[in-house]
Amino acid sequence: MQKMILPKRVRTHMVPTLFLLVLFFFLIFSGIPVKAQSKGKQIYEKTCMSCHKLTDEKFVGPGLKDVTKRHDSLWIKDFVKSSQTMIKAGDKDAVRLFEENNKLIMPDHNLSDEEFGFLYAFLKDPAKKPKHEIKMNVANKEFFTRAEIRQGRKLFFGEYPFENGSQMYCNRCHNVNASDTMNFNPSALDVAMRWQEGDGTEFYETMWTPTSARMEKAHEGLDLSEQEIFQVSAYLSDVAKNGYQPHTAFPARLLLFLFTGLLMALALADLFYFKKVKYKAVHAAVLIIGISIHSVMAAQEGIALSRTPGYEPDQPIKFSHKIHAGQNKIECEYCHTGVKTGKSAVIPSANVCMNCHKVVHEGSESGKFEINKILAALDKKQTIAWIRIHKLPDHVFYSHAQHVGAGKLECEECHGKVDEMHIVKQHENLSMGWCVNCHRDTKVKFEENNYYTGTFKALHDSITSGKIKDLTAARLGGIDCMRCHY
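When the letters of the sequence shown are read in order and numbered with this note's numbering, they come out as residues 28 to 513.
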């Protein structure tokens with residue numbers, strides 16, 4: 028009997044083929060298809076989305092629609108693992124794709140068999156969405172009972188364990204109070220408002236099947252029942268409706284002002300009416316100390332009027348300058364396009380954000396939640412309501428072009444080390460005295476500066492002859508009143 032010899036490719040891939048077949052049948056017939064679809068989507072977004080779309084449309088590389096019909100699973104697995112290896116081996120389809128796409132080299136992706144199985148299942152049917160049979164009234168947004176809201180709050184704050192015995196303190200990640208440090212997780216209010224926009228099913232599906240790698244890791248071991256999700260929804264509906272009070276500092280100065288005022292009033296009342304205290308020196312001491320404290324506080328408050336150093340409001344999107352300008356080295360001028368040529372530095376539009384976030388779909392710290400706010404704004408054709416931090420009074424003229432373009436100042440000289448700030452805050456007090464002192468002390472980059480070429484001839488001659496060594500903004504009229512107030 029003649030021995031049958033299998034081709035080399037068949038022998039090489041016999042084991043992976045059997046494994047993939049077993050894996051696919053396991054995903055289809057077990058209770059894991061929801062998880063598999065979600066994991067496949069995550070792998071696609073992490074490894075493929077920056078270059079490929081799920082349609083016929085070409086992006087950087089070819090569209091992936093029906094890719095599982097055009098090629099078998101083993102070919103796709105080998106191509107994803109190392110396309111260049113297949114091209115060098117002379118694979119006709121691999122060479123054709125390489126030629127058709129301008130010989131762009133596709134990065135190697137060393138996916139495990141399990142990861143590739145998830146990716147293949149997703150590419151085979153990307154439109155398929157994980158669905159659960161939900162029996163609760165998920166469209167309900169406000170008609171919850173107080174008992175349901177209270178129970179949901181207990182679950183959210185970890186005061187009550189879940190049915191599976193686990194316990195999680197949701198408020199540790201999804202804060203319910205304002206904070207002066209960046210919490211990249213969406214707040215409870217953010218989650219509540221986002222849930223209010225849909226029909227409720229998305230919130231249920233997200234709780235069952237996390238939509239990002241960061242969320243999956245954070246929610247590991249969290250297995251809520253439908254009833255528990257409903258109760259958490261009840262609490263979030265209350266948060267969306269009533270919000271929560273931001274943290275406010277203890278009003279020590281105000282209490283001191285009122286207390287000394289009360290003491291002075293009592294001293295005057297006793298001096299003229301009650302006369303309980305025999306020594307008038309006590310009345311005089313109380314009045315002198317009280318008037319001194321009030322005078323100092325009035326002077327300090329008057330000086331600080333309209334000055335807000337340290338102001339760092341929560342922005343509608345958790346944008347970190349430390350990540351963008353610091354870690355990723357994005358130049359300030361890329362986003363703030365008017366900084367050298369205009370009066371205003373310009374706040375970037377959502378379209379500018381999408382220049383990068385067409386490719387970057389998930390933040391390393393914030394996951395997808397914050398980036399999805401940009402996409403939502405574009406879909407709704409709305410502008411993002413950024414909160415302005417640095418603002419001069421209306422009677423003051425200031426031009427970024429004059430300071431950055433002509434004066435060659437660095438952004439950090441006025442704004443501080445923004446590339447080290449997650450939450451940007453006002454660095455200087457922006458007072459007139461601060462501006463005037465800067466104009467008196469700052470040496471102007473006068474020579475080899477096109478802005479001053481052809482003007483200030485006398486000063487050019489004085490510098491050339493050595494009569495003067497350097498110039499300050501004050502010498503060029505930088506402290507004239509009409510320069511800023513006209």
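Where is the CB? At the ideal position from N, CA and C, for every residue including glycine.
Residue i, DSSP secondary structure in three states
i	result
K302	coil
G390	strand
T112	helix
T410	coil
T499	strand
K470	strand
T482	coil
H430	helix
V451	coil
Y361	helix
N477	coil
D341	coil
I374	coil
L50	A caution first: L50 carries a pLDDT of 49, below 50, which makes its placement in the model unreliable, though a value can still be read off. Residue state, collapsed to three classes: helix.
From the options, residue whose alpha carbon lies closest to that of residue i
i	options	result
L146	M76, V309, K496, A116	M76
H418	D297, P375, E339	This sequence places Lys at residue 418; His is not what is there. It is E339 whose Cα lies nearest to the Cα of K418.
M381	N399, A121, I416, F171	N399
M220	P134, F396, N477, D297	F396
L138	R123, I114, D105, A116	D105
V423	D507, C438, H384	D507
V266	K367, N198, Q429	N198
I316	E127, T287, K68	T287
H466	D446, H384, E175, H430	H430
K385	K73, K66, T208, A154	K73
A261	P237, D118, F301, V218	V218
P213	L285, L263, G225	L263
T345	L285, S206, F277	One point to set straight first is that residue 345 is Lys, not Thr, in the sequence displayed. Out of L285, S206, F277, S206 has the C-alpha closest to the C-alpha of K345.
G504	D488, F483, W235, S492	F483
L91	K151, T208, F277	K151
P420	I318, E127, S333, K96	S333
K68	L436, D488, M291, H388	H388
N327	F284, D297, H310	What sits at residue 327 in the sequence shown is Gln, not Asn. Ranking F284, D297, H310 by Cα distance to Q327 puts F284 first.
Other residues of its chain near residue i: CB distance less than 8 Å, five sequence neighbours each side excluded
i	result
L498	K470, V471, F473, L486, I490
R280	M324
A514	Only positions 28 to 513 of the chain appear in the structure, and residue 514 is not among them; the question remains open.
Residue i to residue j span [Cα, whole Å]
i	j	result
L295	C200	54 Å
R88	S458	One point to set straight first is that residue 88 is Gly, not Arg, in the sequence displayed. Straight-line Cα distance between these residues: approximately 54 Å.
W5	T82	Residue 5 cannot be examined here, being either before or after the span of the chain that is shown, 28 to 513.
V107	N355	27 Å
V373	V379	12 Å
A312	D468	45 Å
G248	D341	31 Å
K496	N476	16 Å
Y196	A215	12 Å
F183	F171	16 Å
I357	L402	21 Å
I320	Y306	22 Å
K85	H79	7 Å
E186	D250	17 Å
C-beta contact flag for residue i and residue j at 9 Å
i	j	result
E360	E255	no
K452	G337	yes
I450	P343	no
Y271	F149	no
K370	M448	no
F143	G390	no
S110	M133	yes
G353	D446	yes
Contacts around residue i, its chain only, beta-carbon distance under 7 Å, and the 5 residues preceding and following it disregarded
i	result
G394	S239, R241, M242
V122	I114
E455	P336, C441, W461
L124	P89
A245	C200
Q194	G185, P188
Cutoff 6 Å; reference residue i; Cβ partners in own chain excluding five residues on either side
i	result
Q178	Q258
N375	A small fix is needed here, since residue 375 is Pro in this sequence, not Asn. Excluding positions up to five away in sequence, the list reads C362.
E392	F211
D135	S109
C511	V423, F424
Any non-hydrogen atom of the ligand GDP within 8 Å of residue i CB
i	result
I114	As presented, the structure is devoid of all ligands, the ligand GDP included, so that no description of it is given.
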